[in-house]
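For the record, the sequence lines run as chains A and B.
Using our numbering, you'd call the opening residue of the first sequence number 182 and step up by one each time.
Using our numbering, you'd call the opening residue of the second sequence number 33 and step up by one each time.
All residues carry an ideal CB built from backbone N, CA and C; glycine is no exception.
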Amino acid sequence: MNTTPTIDDILEGLIVALQNEIIPHLSNAKSVATAMMMQSLVQQVRQVLPMIDASIANEHNEMTRTLRETADVLGDVAGPEADRIRERAATLGSLADVPVPVDQQPVRDAHARLGYALQDTISDLDVLQRAGHASADAALNRVREYLMPTILQNIAAISVGGGMVGRG
Amino acid sequence: MEQAIINVLMRAEPGLADAKVLDLQPIPGGFSRETFRCDVSVTRGGAQETLPLIIRKNPPDVEAILNTSRAVEHDLIEALRMKTKVPVSRSYGYELDAAPFGEPAMVLERASGSGQTSALFNGGADEDQCEDVIRHLCEVLVELHSADISTVDPNGSLVDPRGVGIRAGSWDEYMDTTFEYYIGEYRTIAWDPVMMMLLDSFLTLRRHKPRPMPLAVVHGDFNPANFLYENGRVSALIDWENSRIGDPREDLGWMVLMDILSNTSVMSYPKKEGGFLAYYNSLTGNNITPEELGYFTLFGTANIAVPVHQSVARRIRKEHMLLLPLYLIQSSLPALPAMAQLMGYPGTTA
Chain A
182 MNTTPTIDDI LEGLIVALQN EIIPHLSNAK SVATAMMMQS LVQQVRQVLP MIDASIANEH
242 NEMTRTLRET ADVLGDVAGP EADRIRERAA TLGSLADVPV PVDQQPVRDA HARLGYALQD
302 TISDLDVLQR AGHASADAAL NRVREYLMPT ILQNIAAISV GGGMVGRG
Chain B
33 MEQAIINVLM RAEPGLADAK VLDLQPIPGG FSRETFRCDV SVTRGGAQET LPLIIRKNPP
93 DVEAILNTSR AVEHDLIEAL RMKTKVPVSR SYGYELDAAP FGEPAMVLER ASGSGQTSAL
153 FNGGADEDQC EDVIRHLCEV LVELHSADIS TVDPNGSLVD PRGVGIRAGS WDEYMDTTFE
213 YYIGEYRTIA WDPVMMMLLD SFLTLRRHKP RPMPLAVVHG DFNPANFLYE NGRVSALIDW
273 ENSRIGDPRE DLGWMVLMDI LSNTSVMSYP KKEGGFLAYY NSLTGNNITP EELGYFTLFG
333 TANIAVPVHQ SVARRIRKEH MLLLPLYLIQ SSLPALPAMA QLMGYPGTTA
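Shown next, in the form of structure tokens:
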């Protein structure tokens with residue numbers, strides 16, 4: 182997958198395009214308001230996206246603990262309500278903690294460095310190929326073996342079909 | 033802009049009078065220029081007429097995909113219109129001074145015909161015209177490639193219209209200087225390592241030069257969106273901004289790729305002639321092979337990919353904030369598997 186532009190870059194681009202390329206050409210106040218709501222919602226996505234997975238995992242683990250500790254604090258109170266609280270603590274409250282995703286930025290940075298290393302390898306192999314080293318052909322094939330499925334996966338993720346917008 | 037349009041018209045036809053611009057509005061006219069349409073009411077020879085026009089205006093330099101000259105484009109269109117049978121829209125003129133239009137611009141006749149070429153394919157409304165239209169499109173391309181270079185481009189403006197150091201004293205010189213351009217510019221388009229497949233294609237092209245062929249005027253963006261049609265005929269080839277002296281196989285190869293990206297099938301027509309390449313070969317005797325077509329699909333892709341991805345790189349660096357380059361990433365990366373296939377990547381069928 183390409184790590185540039187980032188998801189946040191694309192979302193920012195939508196907000197800016199709405200502001201500069203859409204809103205000035207809208208002819209009624211309701212459409213302008215709708216466009217501004219779209220900007221606001223896209224901004225919400227920008228803010229939520231970086232933290233939602235970690236937050237959900239953290240909250241999952243906090244809620245199981247809270248269910249258990251609530252039942253503990255309640256103690257040996259009798260009655261159906263108290264029984265249900267203890268039941269929840271024993272079932273959902275006993276779910277195992279889930280792993281909290283780590284910050285992906287260092288992984289993405291390393292991914293980019295590795296990608297550029299492969300790029301430079303292609304350049305070096307070209308020099309060796311033109312100098313007649315047959316093994317350089319095979320070595321380039323090894324790089325291509327990595328590239329092909331990778332790019333197919335990338336394109337499957339980003340493609341929406343339908344040809345090129347605005348080109349007949 | 034209205035007065036600037038009238039000024040260009042009056043320079044082209046000083047006898048026009050009472051010019052008035054009507055219904056000026058922007059339209060989606062390709063990715064590289066700002067395009068507008070309007071009608072101009074005029075009195076010509078004592079009679080009132082309405083001139084349907086297209087205005088193609090450069091974007092600001094930092095936003096531009098192709099930094100080519102509207103004057104060169106105008107001169108080419110007019111040479112083709114006056115000296116060949118290639119159907120083009122008349123170019124009334126251009127304004128290179130940025131002041132009147134905001135940026136350099138040109139004013140063209142708005143040709144008749146439909147630009148919704150997707151309607152010719154996949155069960156579209158005009159599919160019944162497809163065979164005839166694409167047959168004519170092929171004949172038009174042959175007419176273009178057969179045009180005498182010294183007649184159409186007497187000043188040599190089309191040898192290196194981007195000003196990137198390409199020379200065309202011979203086919204070999206053209207190819208070699210173009211490789212230098214592609215490979216030299218790669219550093220300016222490597223906005224992400226995902227682009228390394230393009231670098232691989234540039235280097236692969238240089239290692240596997242095909243047989244030479246006489247150079248020709250090539251359209252440079254011969255794709256399913258760059259012609260108009262009506263009544264089973266091509267009424268105009270449009271969008272000449274990337275035209276240049278080159279190998280005629282470039283236009284064919286670029287159409288192959290754009291057919292894929294556009295979800296069209298120009299290259300499959302005219303079916304009665306065995307498809308576009310077979311018909312082109314029968315008209316020219318060039319005997320272009322599928323392998324050569326594949327090579328020039330890569331070559332033509334490289335030619336467009338360099339300026340397109342330079343534009344993407346400028347957007348990613350936030351030198352401007354247009355949305356288009358971000359969309360171009362989504363719409364252009366699907367070309368990569370086709371390129372990999374043409375390079376014979378493992379796991380692909382060459």
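Beta-carbon spacing of Ile-303 (chain A), Leu-231 (chain B) below 7 Å: yes
Closer than 7 Å to chain A by CB, Tyr-261 (chain B): no
Arg-249 (chain A) versus Pro-280 (chain A): straight-line alpha-carbon distance, rounded: 19 Å
Asp-129 (chain B) to Leu-360 (chain B) span [Cα, whole Å]: 29 Å
Chain B contact for Asp-380 (chain A) (CB, 7 Å cutoff): Chain A is shown only over 182 to 349; residue 380 (chain A) falls outside these bounds and no answer can be derived.
Ser-304 (chain A): contacting residues in chain B (beta-carbon distance under 8 Å): Leu-231 and Leu-235
Residue environment, Glu-135 (chain B), which counts as buried when at least 16 other CB atoms sit within 10 Å: buried
Bridge partner(s) assigned by DSSP for Leu-260 (chain B): B:Ala-268
Closest Cα partner of Leu-306 (chain A) within the set A:Val-288, A:Arg-325 and A:Arg-294: A:Arg-325
In DSSP terms, what Arg-69 (chain B) is bridged to: B:Gln-57 and B:Ile-86
Exposure label - Thr-296 (chain B); buried when at least 16 CB within 10 Å: buried
Residues near Ala-44 (chain B) by beta carbon distance below 6 Å, same chain, minus five either side: Tyr-124 and Gly-125
As assigned by DSSP and simplified to three states, the class of Leu-140 (chain B): strand
Three-state secondary structure (DSSP) of Gly-197 (chain B): coil
Inter-stretch contact at 8 Å, needing at least 3 Cβ pairs: the region 345 to 353 of chain B / the region 233 to 250 of chain B: no
N- and C-terminal bounds of the alpha helix (DSSP H) containing Tyr-359 (chain B): 356 to 364
Cβ neighbour criterion (16 or more within 10 Å) applied to Ser-294 (chain B): buried
Any C-beta of chain B under 7 Å from that of Ile-282 (chain A): According to the sequence as given, residue 282 (chain A) is Pro; it is not Ile. Not one chain B Cβ lies under 7 Å of Pro-282 (chain A).
Per-residue contacts from Thr-215 (chain A) into chain B (C-beta, under 8 Å): Here the premise fails: no neighbours, minimum Cβ distance about 18 Å.
Cβ-based neighbour list, Val-94 (chain B), same chain, cut-off 8 Å, excluding 5 preceding and 5 following: Arg-346, Glu-351 and His-352
Assigned secondary structure, Gln-161 (chain B) (DSSP; H/G/I helix, E/B strand, else coil): helix
Meets three-Cβ-pair contact criterion under 8 Å: the region 184 to 191 of chain B and the region 274 to 287 of chain B: yes
The region 222 to 231 of chain A touching the region 259 to 266 of chain B, judged by at least three CB pairs closer than 8 Å: no
For Arg-238 (chain B), three-class secondary structure by DSSP: helix
Minimum Cβ-Cβ distance from Asn-239 (chain A) to chain B less than 7 Å: no
Selected residue, minimal CA-CA separation from Val-74 (chain B), among B:Ile-38, B:Ser-101, B:Ile-270 and B:Asn-90: B:Ile-38
Within 8 Å of chain A by C-beta, residues of the region 190 to 208 of chain B in sequence order: none
Helix, strand or coil at Val-250 (chain B) according to DSSP, with G and I counted as helix: strand
Chain B contact for Pro-186 (chain A) (CB, 7 Å cutoff): yes
heavy atom of the ligand NAP below 6 Å from Pro-282 (chain A) C-beta: For the ligand NAP, the structure offers nothing, since it holds no ligand at all.
Cβ pair Met-229 (chain B), Gln-300 (chain A) closer than 7 Å: no
Proximity test, Cβ basis, 7 Å: Leu-360 (chain B) and chain A: no
7 Å CB neighbourhood of Glu-159 (chain B) in its chain, flanking five on each side removed: Leu-152 and Phe-153
Beta carbon proximity, Met-299 (chain B) to chain A, threshold 7 Å: no
CB-CB length for Gln-212 (chain B) against Gly-197 (chain B), believed under 8 Å: The residue you asked about is not Gln; residue 212 (chain B) is Glu in the sequence shown. Contact flag correct, Cβ pair sits at about 7 Å.
Status (buried if at least 16 other CB within 10 Å, exposed otherwise) for Arg-167 (chain B): buried
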